[in-house]
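**Q** Below: one structure in structure tokens.
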Amino acid sequence: MPLLAVEELSVAFDTEDGAVTVLDRVGFHLEAGETLGLVGESGCGKSVTALAVMGLLPKPAGRVIGGRVVFAGQDLIDAPAEQLRRIRGNRISMIFQEPMTALNPVQRIGRQLAESITLHEPAATAAVTRRSLALLEQVGIPAAEQRLSEYPHQLSGGMRQRVMIAMALASSPDVLIADEPTTALDVTIQAQILEVLRTLQRDTGMAVLFITHDLGVIAELCSRVVVMYAGRVAEQAPVEPLFRAPRHPYTRGLLASIPRLQDEPKTHLTTIPGTVPAIGELPPGCRFANRCPLAQALCSERTPMLETLDANRTVACHRWREAVAS
Amino acid sequence: MTSYFVRRFLLILPTFLGVTVLVFTLTRLVPGGPIERMLNEAAMAGADNAGATSGYDGHGAGALSDQQIEELKAYYGFDKPVLVAYADWLGKVLTLDLGTSTRYSEPVWETVKGRLPISIFYGVATLILTYGVCVPLGIVKAIRHKTAFDNLSSAVVFFGYAIPSYVVAIALLTGFAANLEWFPLGGFVSDDFDDLSGLEKAGDVASHAVLPLLSYMAGSFAVTTLLMKNSLMDNLAAEYVRTAIAKGMNFRAAVFGHALRNSLIPIATSFGNNITLIVTGSFLIEKIFNIDGFGLLGFESLVERDYPVVMGILVISSLLFLIGNILSDVCVALTDPRVKFGSGESGQ
């Protein structure tokens, strides 16, 4: 049994034009100790998936309209608030994209860190301080003692994201959901944060759901990948086979779009033509059809089902065989 | 930060001088004044006398001789150029002498002091009620945004805001004091106040205060309540609140433990100015409820051209206002650690 299983998860948001389905029967699973990448363009539903798993969808606009999120044998969607609260930050933690705004600007780091410790395990002040210092050192923050008495605005973006990670680690969670944790940081800091996450994952054995739009990061960090497109899962596979032999035309397009060092300088960058259809204007059938080089009439009529190719590969495409052949 | 506040305090001096020079000069330029008033009174008295004892060849219209007028001018300091007179006045103010009221013929400070207990009482009561009601109300409205409670309280608050406070005052007075007789018709205390016991005295002041306070509050509720509500809603949507919930906090704890202090920052920006509450007061409401507060004093001293009192009130209120601004800055610095006045090392 997987540690975390997302099954047929559908999420709707209320907008001024009525309810819009933003996640359509999304499914994947996360085994204990593995790092799963969730990849896709902006607006494809990656973050919404993460928020739905955490029960953090913005209320009252967003709501789960179908499916289950099963963590350690228990469905989180219908779980009572108090039960969910005990899981959040304790067994499933989350870090966010914007370290600049994710910390409370008027509270000292020490207090915010102490809070994530004592929320799940009340302890004496001295013990909490010791644990806080250990956590900050674990994520590579120098002069940890001094940081405890500082405010978020006194820290750089990279340091704040490290603090966020330290807070997420406070209760040694089984699952860490990282929602684009390096997107807002510059490249060198990105590499440092990824290194921190990789080391922590190895040392603690927690499972990581890593959300990103950066395939390079996926290749570096993850063992398996789920590719999402317009609120649906397009393909999932272990990292190496996915990069070597992508099955879904969308995945192929994404991989072809990565510029390569060996390319002739100043050649045009490859792109996938068109844009992701807007939420609320989703076409029937395959949502990638209008951008797909292999699309046929069938693609715009019938929604492709997820097809299991082998033990750990699935793809949702009517024409994946042609894609492989081309 | 200390040097910033020292600088701010030093800046009070030129501002204060500017305000007082301006108003002092204005009192000299506008027509009318204590001497004209005396001439009028004398003329009226003369006319009355003339009517009563006909044939008496009194002073009539020219009630005072030129020499007497000159003496009066010298007495009030009108014989000197404006700036010299201002310097004289300022010199006295520096020795804490605000001059003598031309209307009451008593020191200005005595006149002002007599109104202080009333004004402080209403100022402090308004302050406590405003923050004691508006802040909690704003919090509840933010949490229950778009519920029946939120909509209904908004309607009430805006209704009060839309009606001029003197209309509210008259409506309350007619309804609850004149018709229902639940409350006294006006005044600060009853005539037999001195004979009452301690508890009865408190009750007496309270029963006199209900209607005026309601009139004051009706209009001022909307601003603070809605400021609080919107500020808290902004912060409830902030990412750090989501972080707190992701850490395993329940929503209520996240509201009070994280969002509240952040949402008080806009409220703090005007908090220090509340110090001026003790010298303000709506002249109309004071008039309607027959309360001898600062509003009425200020208005009457202007109408009666009682310039020493006008200047005295100006000195007190402008000083309080300037100090209030600095206090507001202190409040902001206390609530928001990102604010570092005057030392260029602030975060963002």
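Just so you know, the sequences run in chain order A and B.
Each number in the working numbering corresponds to the 1-based position in the first sequence with 7 added.
Mapping to the working numbering: the second sequence position 70 is 60, numbers consecutive.
We put the CB at the ideal spot given by N, CA and C, even for glycine.
Using the three-state DSSP reduction, which class does arginine 93(B) fall into: helix, strand or coil?
**A** What you label residue 93(B) is simply residue 103 of the second sequence in a count that begins at 1. It is coil, neither helix nor strand.
**Q** Counting beta carbon pairs with one atom in the stretch 66 to 76 of chain A and one in the stretch 89 to 101 of chain A, are three or more of them shorter than 8 Å?
**A** Output reads no: the stretch 66 to 76 of chain A does not touch the stretch 89 to 101 of chain A.
**Q** Please decide whether proline 87(A) counts as near chain B, where near means a Cβ-Cβ distance under 9 Å.
**A** As a working note, residue 87(A) is residue 80 in the first sequence. Not an interface residue.
**Q** Along chain A, which residues have their Cβ under 7 Å away from the Cβ of asparagine 141(B)?
**A** Position 151 of the second sequence, counted from the start, is the residue given in the question as residue 141(B). Ordered by position in chain A, no residue passes the 7 Å Cβ test against asparagine 141(B), which lies about 16 Å from the chain.
**Q** Anything in chain B within Cβ reach of glutamate 105(A), meaning under 9 Å, just list it in chain order.
**A** On the first sequence, position 98 is the one that residue 105(A) refers to. Within chain B, the residues near glutamate 105(A) are Glu229.
**Q** Quick one: which chain A residues come within Cβ less than 8 Å of aspartate 326(B)?
**A** The sequence position of residue 326(B) within the second sequence is 336, counting from 1. By Cβ distance, chain A contributes Pro112, Val113.
**Q** At 7 Å on the CB atoms, spell out the chain B contacts of histidine 325(A), in chain order.
**A** Counted from its first residue, the first sequence places residue 325(A) at position 318. Within 7 Å Cβ-Cβ: nothing; histidine 325(A) doesn't reach chain B, min ~39 Å.
**Q** So, does the CB of arginine 251(B) fall closer than 9 Å to a CB anywhere in chain A?
**A** Here residue 251(B) refers to the residue found at position 261 when the second sequence is read from its first residue. Yes, its Cβ sits closer than 9 Å to a Cβ of chain A.
**Q** Are the beta-carbon atoms of leucine 110(A) and threonine 233(B) separated by less than 9 Å?
**A** If you number the first sequence from 1, residue 110(A) lands on position 103. If you number the second sequence from 1, residue 233(B) lands on position 243. Result yes, Cβ atoms of leucine 110(A) and threonine 233(B) sit closer than 9 Å.
**Q** Name the chain B residues that come within less than 9 Å of histidine 36(A), Cβ to Cβ?
**A** Residue numbering aside, residue 36(A) sits at position 29 when the first sequence is read from its first letter. Those do not exist, as histidine 36(A) stays about 21 Å from chain B at its closest Cβ, beyond 9 Å.
**Q** Jot down the residue ranges of each uninterrupted alpha helix (DSSP H) in the stretch 134 to 214 of chain A, minimum 4 residues, whole runs only, in chain order.
**A** Taking only runs of at least 4 residues, the alpha helix (DSSP H) segments lying wholly in the stretch 134 to 214 of chain A are 151 to 155, 164 to 176, 194 to 211.
**Q** Using 9 Å as the limit for Cβ to Cβ distance, is isoleucine 94(A) near chain B?
**A** Numbered from its first residue, the first sequence carries residue 94(A) at position 87. Yes, its Cβ sits closer than 9 Å to a Cβ of chain B.
**Q** Would a C-beta distance cut-off of 9 Å place serine 291(B) and arginine 18(B) closer than the cut-off?
**A** Against the second sequence, residue 291(B) aligns to sequence position 301. Against the second sequence, residue 18(B) aligns to sequence position 28. Not closer than 9 Å, so no.
**Q** Do leucine 142(A) and alanine 177(A) have their beta-carbon atoms positioned less than 9 Å apart in this structure?
**A** Translated into positions along the first sequence, residue 177(A) becomes position 170. Translated into positions along the first sequence, residue 142(A) becomes position 135. Result yes, Cβ atoms of alanine 177(A) and leucine 142(A) sit closer than 9 Å.
**Q** Helix, strand or coil for tryptophan 327(A), going by three-state DSSP, please let me know.
**A** Numbered from 1 along the first sequence, position 320 holds the residue referred to as residue 327(A). Here tryptophan 327(A) sits in helix by DSSP.
**Q** Can you tell me whether DSSP reads serine 272(B) as helix, strand or coil?
**A** Along the second sequence, one-based indexing puts residue 272(B) at 282. Serine 272(B) falls in the coil class under three-state DSSP.
**Q** Could you compute how far the alpha carbon of phenylalanine 14(B) sits from the alpha carbon of leucine 304(B)?
**A** Locating residue 14(B) in the second sequence gives position 24, counting from the first residue. Locating residue 304(B) in the second sequence gives position 314, counting from the first residue. The alpha-carbon atoms of phenylalanine 14(B) and leucine 304(B) are separated by roughly 10 Å.
**Q** Give the residues of chain B in contact with glutamate 122(A), contact being defined as C-beta atoms less than 7 Å apart.
**A** Taking the first residue of the first sequence as position 1, residue 122(A) is located at position 115. Going along chain B in sequence order, the residues near glutamate 122(A) (Cβ under 7 Å) are Lys237.
**Q** Taking the alpha helix (DSSP H) that leucine 80(B) falls in, what are its first and last residues?
**A** Sequence index remark: in the second sequence, residue 80(B) carries index 90 (1-based). Segment 72 to 84, the alpha helix (DSSP H) holding leucine 80(B).
**Q** Alpha carbon to alpha carbon, what distance is there between histidine 198(B) and glycine 50(B)?
**A** Position 60 of the second sequence holds residue 50(B). Position 208 of the second sequence holds residue 198(B). In this prediction, glycine 50(B) has a pLDDT of 45, which is less than 50 and means its spatial position is unreliable; nothing more can be read from the coordinates.
**Q** In three-state terms, what does DSSP make of glycine 74(A)?
**A** As a first step, residue 74(A) is located in the first sequence; it is residue number 67 there, counting from the start. Strand, per DSSP.
**Q** Whose C-alpha, out of Leu43(A), Ala130(A), Val194(A), Gln119(A), is nearest the C-alpha of methionine 174(A)?
**A** Within the first sequence, the letter at position 167 stands for residue 174(A). Here the closest residue by C-alpha is Gln119(A).
**Q** Measuring straight from C-alpha to C-alpha, what distance separates isoleucine 84(A) and asparagine 297(A)?
**A** The residue given as residue 84(A) occupies position 77 in the first sequence. The residue given as residue 297(A) occupies position 290 in the first sequence. Using only the alpha carbons, I get a separation of about 34 Å.
**Q** By the three-class DSSP mapping on this structure, what secondary structure does serine 318(B) have?
**A** Taking the second sequence and counting its residues from 1, one reaches residue 318(B) at position 328. Helix, per DSSP.
**Q** How far does the alpha helix (DSSP H) with serine 143(B) in it reach, from first residue to last?
**A** Taking the first residue of the second sequence as position 1, residue 143(B) is located at position 153. Its alpha helix (DSSP H) spans residues 138 to 152.
**Q** Which residue wins for smallest C-alpha separation from serine 91(B), given the options Leu222(B), Pro327(B), Val20(B), Asp296(B)?
**A** What you label residue 91(B) is simply residue 101 of the second sequence in a count that begins at 1. The residue with the shortest Cα to Cα distance from serine 91(B) is Asp296(B).
**Q** Once you ignore the five residues that flank glycine 223(A) on each side, which residues in its own chain have a CB closer than 8 Å to its CB?
**A** Residue 223(A) sits at position 216 when you count from the first residue of the first sequence. Cβ within range, chain order: Ile265.
**Q** Which residues in the same chain as methionine -9(B) place their Cβ atom closer than 6 Å to its Cβ, once the five residues preceding and following it in sequence are excluded?
**A** For this step, residue -9(B) is matched to residue 1 along the second sequence. These residues qualify, in order along the chain: Phe331.
**Q** 9 Å is my cut-off, CB to CB: does serine 178(A) come that close to chain B?
**A** As a first step, residue 178(A) is located in the first sequence; it is residue number 171 there, counting from the start. Taking Cβ atoms only, chain B reaches closer than 9 Å to serine 178(A), which makes this a yes.
**Q** Going by the DSSP bridge assignment, what does threonine 315(A) pair with across the sheet?
**A** For this step, residue 315(A) is matched to residue 308 along the first sequence. Paired residue(s): Thr321(A).
**Q** Please tell me whether serine 144(B) and isoleucine 275(B) are closer than 9 Å, where the distance is taken between their beta carbons.
**A** As a working mapping, residue 144(B) is identified with position 154 in the second sequence. As a working mapping, residue 275(B) is identified with position 285 in the second sequence. No.
**Q** For lysine 82(B) and glycine 177(B), what's the separation of their Cα atoms in angstroms?
**A** What you label residue 82(B) is simply residue 92 of the second sequence in a count that begins at 1. What you label residue 177(B) is simply residue 187 of the second sequence in a count that begins at 1. Distance between the alpha carbons of lysine 82(B) and glycine 177(B) is about 34 Å.
**Q** Could you tell me how far apart the beta carbons of leucine 37(A) and leucine 11(A) are, in whole angstroms, since I believe they sit closer than 8 Å?
**A** As a first step, residue 37(A) must be located in the first sequence, where it is residue number 30. As a first step, residue 11(A) must be located in the first sequence, where it is residue number 4. Yes, they are in contact, since the Cβ atoms of leucine 37(A) and leucine 11(A) sit about 4 Å apart, within 8 Å.
**Q** Whole angstroms is fine: what's the gap from isoleucine 265(B)'s alpha carbon to threonine 116(B)'s?
**A** Within the second sequence, the letter at position 275 stands for residue 265(B). Within the second sequence, the letter at position 126 stands for residue 116(B). The straight-line gap from Cα to Cα measures roughly 12 Å.
**Q** Using a Cβ-Cβ cutoff of less than 6 Å, which residues in the same chain neighbour arginine 209(A) once the five nearest sequence positions on both sides are dropped?
**A** Within the first sequence, the letter at position 202 stands for residue 209(A). So the list is empty, once near-sequence residues are dropped.
**Q** Could you pull the DSSP bridge partners for leucine 16(A) from this structure?
**A** Numbered from 1 along the first sequence, position 9 holds the residue referred to as residue 16(A). Paired residue(s): Val33(A).
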